[in-house]
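So for the sequence shown, the working numbering puts the first residue at 1; every next one is plus one.
Quick reminder that beta carbons are idealized off the backbone N, C-alpha and C, glycines included.
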Amino acid sequence: MDRKALFQLLSDVQSGDMSPTEALKQLRDFPVAQLEGASLDTHRQLRRGFPEVVLSEGKSDDELHRILGSLYDRHQNILFTRIDAARASQLVKQYPGGEVVPRGRLLVYRRQPFEDLGRGMVVVVTAGTSDRGAGTEAAVTLELMGNRVERVEDVGVAGLHRLLPHLDTCRAAEVIIVCAGMEGALTSVLAGLVDRPIIAVPTSIGYGVHFGGLAALLGMLNSCAAGVSTVNIDNGFGAAYAASLINRRRP
């Protein structure tokens with residue numbers, strides 16, 4: 001239930017095109033749909049501007065099927081994160097129309113047409129090809145939330161000249177997301193070259209003792225360039241959500 005749908009429902013009741021009893025039927029699971037083992041927040045899109053996103057890790061196959069079944073009937077955009085391709089493919093067999101995104105570990109149902117809700121563009125920059133998992137998670141989430149997205153890939157500091165041709169794109173962005181592993185240096189470099197807010201995503205990529213991304217996380221948290229905010233390791237989804245709220249046009 002989003003703002004437009006709720007407004008239309010109330011308007012129909014006011015005009016007499018819908019009875020209060022029928023309106024109550026449509027609102028029977030509002031604001032919470034209670035399932036076995038899960039409580040779906042059906043008020044989330046009205047309150048936050050985007051439906052509840054399902055974190056798939058830690059959930060059984062049966063739980064994912066029940067949750068998807070409930071969301072599927074609502075004809076809204078659906079996003080499952082941290083789901084492997086095999087589990088996602090099984091869900092799509094039962095609920096057709098889903099897009100499996102293996103690199104981003106996502107399952108997406110695009111049930112509503114794209115609506116550009118942003119003030120500008122969000123650019124997702126990945127340091128290396130190995131960082132594209134977090135970058136893909138961020139980019140797909142951004143698109144589903146109504147943002148125009150550009151991707152700049154494989155421009156890490158090991159070959160810094162690769163970044164230079166993309167500076168105009170980055171400077172035209174409203175927000176920039178940078179996904180980098182190793183020591184996470186790309187964030188500081190780019191932040192020193194542009195006047196846009198940067199959301200840094202440390203990735204669990206690196207040789208030797210990088211502590212599963214902790215080295216990049218600490219590097220980004222201690223960036224010498226101002227204007228950098230950092231999310232948790234591999235959290236492309238969290239970075240995208242924050243960037244979308246920054247970019248969102250206000251009514």
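Could you have a look at residue i and say whether DSSP puts it in helix, strand or coil?
i: M220; result: helix
i: P202; result: strand
i: F80; result: strand
i: Y95; result: coil
i: G118; result: strand
i: S229; result: strand
i: V100; result: strand
i: R249; result: coil
i: L163; result: coil
i: R87; result: helix
i: P20; result: helix
i: Q14; result: helix
i: Y241; result: helix
i: G208; result: coil
i: G236; result: helix
i: G213; result: helix
Can you name the start and end residues of the beta strand (DSSP E) that residue i belongs to?
i: V180; result: Just to set this straight, residue 180 is Ala in the shown sequence, not Val. Residues 175-180.
i: V152; result: 148-153
i: Y109; result: 106-109
Just to confirm my understanding: we take residue i, look at its own chain, exclude 5 residues before and 5 after, and list those with CB closer than 7 Å. What are they?
i: R103; result: R132, G133, T136
i: D116; result: G146, R148
i: N247; result: G118, R119, G120, V122, N147, E174, V175
i: G140; result: The amino acid occupying residue 140 in the given sequence is Val; Gly does not appear at that position. Excluding residues within five positions, the ones whose Cβ falls inside 7 Å are V101, G104, L106, V108.
i: S188; result: S223, C224, A225
i: V55; result: Per the sequence presented here, residue 55 reads as Leu, with Val not at that position. T81, R82.
i: H75; result: R111
In the DSSP assignment, what residue or residues form a beta bridge with residue i?
i: T126; result: E153, C179
i: V189; result: V189 pairs with nothing; no bridge assigned.
i: V291; result: Shown here, the chain extends from 1 to 251; a query on residue 291 therefore has no answer.
What first and last residue would you give for the alpha helix (DSSP H) that runs through residue i?
i: E137; result: 132-144
i: E63; result: 61-72
i: R171; result: 167-171
Looking only at its chain, what residues have a beta carbon closer than 8 Å to the beta carbon of residue i, apart from the 5 residues adjacent to it on each side?
i: C170; result: V123, V125, V152, I176, L190, L193, V194, R196
i: A226; result: A191
i: S89; result: V100
i: G181; result: A127, G128, S130, D131, P202, T203, S204, I205, G206, H210, G213, A216
Might you give, ordered along the chain, the residues of its own chain that have their beta carbon closer than 6 Å to the beta carbon of residue i, omitting 5 neighbours on each side?
i: G98; result: V92, L107, Y109
i: G238; result: V231
i: R162; result: V155
i: I78; result: L71, Y109
i: M220; result: G184, T187, A200, P202, T230
i: C179; result: T126, D131, A134, G135, V201, T203
Residue i CB to nearest chain D CB: under 8 Å?
i: A243; result: The structure shown contains no chain D, having only a single protein chain.
Are there three or more Cβ pairs, one per stretch, closer than 8 Å when the segment 203-222 is compared with the segment 91-110?
Proximity of the segment 203-222 to the segment 91-110 falls short of the contact definition, fewer than three beta-carbon pairs being nearer than 8 Å.
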